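Just below is one structure, and these are the notes that go with it.
Protein chains: 2
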Amino acid sequence: MRPIGVFDSGVGGLTVVAALRRRLPRESIVYLGDTARLPYGTKSAATVARYTASNVEFLLDRDVRAVVVACNTASALALDTLEAPVPLWGVVEPGADLAARTSRGRVGIVATESTIASGAYSRALLARRDDLEIVAQSCPLFVPLVEEGWCDDPITRQIAERYLEPLLAAEIDTLVLGCTHYPLLAPLLQEIVGPEIRLVDSAEAVAEVVARELEPEAASGSPGVAAHRLFVTDGAARFERLADWILGERGTPLELVDVASAERR
Amino acid sequence: MRPIGVFDSGVGGLTVVAALRRRLPRESIVYLGDTARLPYGTKSAATVARYTASNVEFLLDRDVRAVVVACNTASALALDTLEAPVPLWGVVEPGADLAARTSRGRVGIVATESTIASGAYSRALLARRDDLEIVAQSCPLFVPLVEEGWCDDPITRQIAERYLEPLLAAEIDTLVLGCTHYPLLAPLLQEIVGPEIRLVDSAEAVAEVVARELEPEAASGSPGVAAHRLFVTDGAARFERLADWILGERGTPLELVDVASAERR
Numbered sequence: 148m149r150p151i152g153v154f155d156s157g158v159g160g161l162t163v164v165a166a167l168r169r170r171l172p173r174e175s176i177v178y179l180g181d182t183a184r185l186p187y188g189t190k191s192a193a194t195v196a197r198y199t200a201s202n203v204e205f206l207l208d209r210d211v212r213a214v215v216v217a218c219n220t221a222s223a224l225a226l227d228t229l230e231a232p233v234p235l236w237g238v239v240e241p242g243a244d245l246a247a248r249t250s251r252g253r254v255g256i257v258a259t260e261s262t263i264a265s266g267a268y269s270r271a272l273l274a275r276r277d278d279l280e281i282v283a284q285s286c287p288l289f290v291p292l293v294e295e296g297w298c299d300d301p302i303t304r305q306i307a308e309r310y311l312e313p314l315l316a317a318e319i320d321t322l323v324l325g326c327t328h329y330p331l332l333a334p335l336l337q338e339i340v341g342p343e344i345r346l347v348d349s350a351e352a353v354a355e356v357v358a359r360e361l362e363p364e365a366a367s368g369s370p371g372v373a374a375h376r377l378f379v380t381d382g383a384a385r386f387e388r389l390a391d392w393i394l395g396e397r398g399t400p401l402e403l404v405d406v407a408s409a410e411r412r
Numbered sequence: 148m149r150p151i152g153v154f155d156s157g158v159g160g161l162t163v164v165a166a167l168r169r170r171l172p173r174e175s176i177v178y179l180g181d182t183a184r185l186p187y188g189t190k191s192a193a194t195v196a197r198y199t200a201s202n203v204e205f206l207l208d209r210d211v212r213a214v215v216v217a218c219n220t221a222s223a224l225a226l227d228t229l230e231a232p233v234p235l236w237g238v239v240e241p242g243a244d245l246a247a248r249t250s251r252g253r254v255g256i257v258a259t260e261s262t263i264a265s266g267a268y269s270r271a272l273l274a275r276r277d278d279l280e281i282v283a284q285s286c287p288l289f290v291p292l293v294e295e296g297w298c299d300d301p302i303t304r305q306i307a308e309r310y311l312e313p314l315l316a317a318e319i320d321t322l323v324l325g326c327t328h329y330p331l332l333a334p335l336l337q338e339i340v341g342p343e344i345r346l347v348d349s350a351e352a353v354a355e356v357v358a359r360e361l362e363p364e365a366a367s368g369s370p371g372v373a374a375h376r377l378f379v380t381d382g383a384a385r386f387e388r389l390a391d392w393i394l395g396e397r398g399t400p401l402e403l404v405d406v407a408s409a410e411r412r
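If you read the protein sequences in the order shown, they are chains A and G.
Read in order, the letters of the first sequence correspond to residues 148 to 412 in this note's numbering.
Read in order, the letters of the second sequence correspond to residues 148 to 412 in this note's numbering.
This is the structure we're talking about:
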């Protein structure tokens, strides 16, 4: 059975893979982490679009039957520039959709610098509900803090409190986690904002949409066992450590590839 | 007059440019910040070597008469793999040299994950003085903190205190700042370690070596005015903001280039 293709700039998109595996346990998944060129969140739209196109091309070469752009920055900056002969989802629209359906009127967004600067979440939210008040905050330190493994740490708490302060002052009722690394900070963020504010995890939101929309005959699956592959563009050890943690398993084999060459074809 | 070429993965190497300008005010400098592929400090040796080679090639195409690898990670992981028809310096050897000459016996090193993992500083220090005791500490959050502009901040202080704790416990007398971003944290780090511990700034150290070793006829310079150029591989706004701050000037014009294509020739 043809696999679902998923890519992110790094390891964060594995939160989408974990969510997809829970919902579609018999689907095979091919993952590409573009670790040689990460992070995308501080780069320009043109560069992110170029990287995104080569990643999608790499996945299509692996004969995927659907593509999930599991990177908020790439979804925000480059989804409109993509053409693919298979169904293709980004994480911004599903996250915005869930937030717009459940918010009581005031939505906060946390994401990388580039995702916030793109305005993609605000546009997607307002297209669904023009009555929403929106407060957006870039949190450039969250990804390095997660990658350092400081997800439950007093220093991370202080940084999060500083980033979230204007959102709490604006009395948001919903907080969109607009980066696939951020679900790993969800317990800490929920503690800071309190139980009344609903966290919307864009990784969970896109997995829900894929599970619902993926063509039925394949979703029901063959009796075969799902086969997963993890590709990375750089073989740094930190990816393995974080991948095991996110996927809850040990020693996931990584395959090293060069997608930048595809870009030059 | 032919310029000196300097490159770093991003904006940090401009601390080397600033040091070179102070020592060699009449030299023209061509700088390349490989912002499309930064950071190097969490990537593998093979990837860093590939990126480094394409950056040097780009500078040689600009007819530079010397190259400074102003990136500690590239210096640590890739300097041995480079061949260039002009003088070429990395930042590790000058930094290690200065530390070995001045230490009373116990040297601490702070740098990125990849630089520390390479062991390049320890090897360079022990090659000069095999009596040295060395404690190395990777500080993955320092670069994002500097890029966030939190150089003088209580949160940065707590993070630095945590990173430096094992070095202070080992009673170091010298601390090597093994990343070109770190000089921007020097005042804070000096406060934490106290006045008795000497900070060795590898950016200053390499500028001193270049000023001393660069062939004399050019070092004395023509009566012309130095002309500087700044190239980047990605045009994100944060580079400009940080560049102005490090160089102490406003609106340095940036030129956008694509060096990845050079890699494929």
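We put the CB at the ideal spot given by N, CA and C, even for glycine.
In this text the structure is predicted, and so the values were computed from the model without any measurement.
CB contact check: residue i to chain A, cutoff 7 Å
i	result
residue 287 of chain G	yes
residue 223 of chain G	no
residue 393 of chain G	no
residue 400 of chain G	no
Residue i at chain G interface by Cβ criterion, 7 Å
i	result
residue 390 of chain A	no
residue 277 of chain A	no
residue 366 of chain A	For residue 366 of chain A, the pLDDT reaches just 48, beneath the cut-off of 50, and the residue's location in the model is therefore unreliable, leaving the point undetermined.
residue 295 of chain A	yes
residue 291 of chain A	yes
residue 382 of chain A	yes
residue 302 of chain A	yes
residue 407 of chain A	yes
residue 386 of chain A	no
Short Cβ contact (7 Å threshold) for residue i with residue j
i	j	result
residue 323 of chain G	residue 347 of chain G	yes
residue 314 of chain A	residue 337 of chain A	no
residue 377 of chain G	residue 403 of chain G	no
residue 155 of chain A	residue 327 of chain A	yes
residue 351 of chain G	residue 166 of chain G	yes
residue 306 of chain A	residue 306 of chain G	no
residue 183 of chain G	residue 162 of chain A	no
residue 233 of chain G	residue 349 of chain G	no
residue 218 of chain A	residue 160 of chain A	yes
residue 373 of chain G	residue 240 of chain G	no
residue 215 of chain G	residue 231 of chain G	no
residue 358 of chain G	residue 226 of chain G	no
residue 177 of chain A	residue 211 of chain A	yes
residue 406 of chain A	residue 205 of chain A	yes
residue 157 of chain A	residue 185 of chain A	yes
residue 228 of chain A	residue 274 of chain A	no
residue 353 of chain G	residue 236 of chain G	yes
residue 272 of chain A	residue 243 of chain A	yes
residue 291 of chain A	residue 291 of chain G	yes
Residue from the options whose Cα sits closest to the Cα of residue i
i	options	result
residue 296 of chain G	G/329, G/273 and G/317	G/329
residue 223 of chain G	G/405, G/386 and G/270	G/270
residue 398 of chain A	A/407, A/310 and A/387	A/387
residue 191 of chain G	G/204, G/263 and G/209	G/263
residue 287 of chain G	G/169, G/259, G/340 and G/267	G/259
residue 317 of chain G	G/381, G/210, G/252 and G/248	G/252
residue 268 of chain G	G/220, G/228 and G/278	G/220
residue 345 of chain A	A/265, A/157 and A/321	A/321
residue 389 of chain G	G/298, G/235 and G/343	G/298
residue 319 of chain A	A/168, A/208 and A/246	A/246
residue 188 of chain G	A/343, A/381, A/277 and A/235	A/381
residue 334 of chain A	A/375, A/200, A/256 and A/304	A/304
residue 261 of chain G	G/300, G/325, G/281 and G/385	G/325
residue 391 of chain A	A/148, A/149, A/164 and A/343	A/164
residue 282 of chain G	G/289, G/256 and G/266	G/256
residue 331 of chain G	G/248, G/362, G/289 and G/342	G/289
For this session: Residues of the region 253-285 of chain A with a CB closer than 9 Å to any CB of chain G: list them in chain order, please.
Result: 260, 261 and 264
Exercise. Which of the residues in the region 305-323 of chain G, read from start to end, lie with their CB under 7 Å from any CB of chain D?
Worked result: The displayed structure is made up of protein chains A and G, and chain D is not among them.
For this session: Pull out every residue of the region 184-199 of chain G whose Cβ sits closer than 7 Å to any Cβ of chain A, in chain order.
Result: 184, 189, 190, 191 and 194
Exercise. Can you list the alpha helix (DSSP H) stretches of 4 or more residues lying completely in the region 239-316 of chain G, in chain order?
Worked result: 239-249, 260-265, 267-275, 289-295 and 301-316
For this session: Check each residue of the region 335-366 of chain G: if its Cβ is closer than 7 Å to any Cβ of chain A, include it; give the result in chain order.
Result: none
Problem set entry | beta strand (DSSP E) runs contained entirely in the region 168-244 of chain G, provided each spans 3 or more residues | 176-180, 213-216 and 235-237
Exercise. Got a sec: which bits of the region 161-180 of chain A sit with their beta carbon under 8 Å from any beta carbon on chain G, in order along the chain?
Worked result: none
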